[in-house]
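Peer 1:
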Amino acid sequence: MDDFKLTLLIMRNKSRLESLITKGASYEKILKQSQKLDKYISMKMKKQMKNDGYLEKEGRELVKGKFAELEND
4 MDDFKLTLLI MRNKSRLESL ITKGASYEKI LKQSQKLDKY ISMKMKKQMK
54 NDGYLEKEGR ELVKGKFAEL END
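To convert a position in the sequence shown, counted from 1, into my numbering, add 3.
(1) Looking at the secondary structure, which residues open and close the alpha helix (DSSP H) in which Ser29 lies?
(2) Between Met14 and Met46, is the Cβ-Cβ spacing less than 9 Å?
(3) What is the DSSP secondary structure of Met52, reduced to helix, strand or coil?
(4) Cα separation between Gly27 and Leu11?
(5) Is Met46 helix, strand or coil by DSSP?
(6) Counting C-beta neighbours from all protein chains within 10 Å, is the total for Tyr30 16 or more, i.e. buried, or is it exposed?
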């Protein structure tokens, strides 16, 4: 999925979420729409990280070609 399409999906689903909130929709509908929006935002962030050279693998983060240990909280 290209970046432009993801941006449009985020904008459309954000608008839907705002509409549900202002109309006083049920908690379940708002939650479902919020989760859908989160999914698209996550997809865009992962795509952006991949394009910028950041990849995750087995508890390590590849940063511009170098492995760095992630802090364990």
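Idealized CB from N, CA, C, for every residue including glycine.
Being a predicted model, the structure only gives us computed values, none of them experimental.
Peer 2: Taking the coordinates as given:
(1) Taken as a continuous stretch (DSSP letters only), Ser29 belongs to no alpha helix (DSSP H), as it is neither H nor E.
(2) no
(3) helix
(4) 24 Å
(5) helix
(6) exposed
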